[in-house]
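Residue numbers (the working numbering): 667 to 945.
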């Protein structure tokens, strides 16, 4: 770097030069001005102007303040920033991307961890969780009249079964969502409700209900009940999660004796009057 010395004239010399009231070519040999007095009144030619006399009075041995200036060579200007400009910005890392500014911080960010695969539970996985057998009843109890509706009622409700699922303690909840009665005469009755007694429904006996069935011929029949269940599971008291699909749970078969009955008029109770009309 090239250094230059810039001589700065003391302020009191300059001020003294401007405050001088002498003519343009004053004779300084006869007297000593205030400004030159500070320099020891040197012997300077009278043909000089006051300002020239002051400059000529400065001795080579007098140290003047110096200021360090920046050279104007091409080498210096390339190394040093210009006045008022910000320092040069270092280049970004090689892995910096405008679309991923986190990489521009220096050290590359650690790759995100792969999310754990979700647990998928199927109906086969809960085969060891067995819901209770639904009840299968009817009215009249165990018999029916040809051509008249017999009313069938299922006994099933939501239930929770505890056990081990995929090696962990778990609960499985079974909720009835459908009911199906298969009659041995070929009849099929499907319903979204389990049915209810005629009394609970406020209906007369042998009335048609959503779960009733009428037999066309006398004989002995069987009725098979299947309850359709929706299953859910949970681990350690977590939220319930659904399992795809449904399963059926069979109830005990119901035997039905169907017969024909005639209506007759009697005078009274045939037990009391066994020989009465109609007895």
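Think of the CB as a built atom: it goes at the ideal place given N, C-alpha and C, for glycine as much as any other residue.
Buried versus exposed, by CB contacts within 10 Å (16 or more), residue i
i: residue 861; result: buried
i: residue 974; result: Here the chain comprises residues numbered 667 to 945, so residue 974 is not present and cannot be evaluated.
i: residue 934; result: exposed
i: residue 787; result: buried
i: residue 937; result: exposed
i: residue 807; result: exposed
i: residue 694; result: Reliability fails at residue 694, whose pLDDT of 42 lies under 50, so the model's placement of it is uncertain and no value is given.
i: residue 834; result: exposed
i: residue 883; result: exposed
i: residue 924; result: buried
i: residue 840; result: buried
i: residue 831; result: buried
i: residue 668; result: Confidence in residue 668 is poor, its pLDDT being 45 and thus under 50, which makes the residue's placement unreliable; the coordinate value appears in the next sentence. Residue 668 is exposed by the Cβ-count criterion.
i: residue 878; result: buried
Integer Cβ distance of residue i from residue j, believed to fall under 8 Å
i: residue 876; j: residue 859; result: 6 Å
i: residue 798; j: residue 901; result: 23 Å between Cβ atoms; not a contact.
i: residue 800; j: residue 893; result: 5 Å
i: residue 822; j: residue 816; result: With a Cβ gap of about 19 Å, residue 822 and residue 816 do not count as contacting.
i: residue 845; j: residue 820; result: 5 Å
i: residue 857; j: residue 829; result: Wrong, their Cβ atoms sit about 30 Å apart, outside the cutoff.
Short Cβ contact (7 Å threshold) for residue i with residue j
i: residue 812; j: residue 881; result: yes
i: residue 818; j: residue 847; result: yes
i: residue 907; j: residue 843; result: no
i: residue 789; j: residue 913; result: yes
i: residue 838; j: residue 899; result: yes
i: residue 802; j: residue 926; result: no
Enclosing alpha helix (DSSP H) for residue i [first to last residue]
i: residue 864; result: 864-867
Run of the beta strand (DSSP E) containing residue i, from where it starts to where it stops
i: residue 805; result: 801-805
i: residue 857; result: 854-857
i: residue 816; result: 815-821
i: residue 890; result: 885-901
i: residue 912; result: 907-916
i: residue 878; result: 878-880
i: residue 921; result: 920-925
i: residue 811; result: 809-811
Beta bridge counterpart(s) of residue i as assigned by DSSP
i: residue 831; result: 834
i: residue 840; result: 825 and 897
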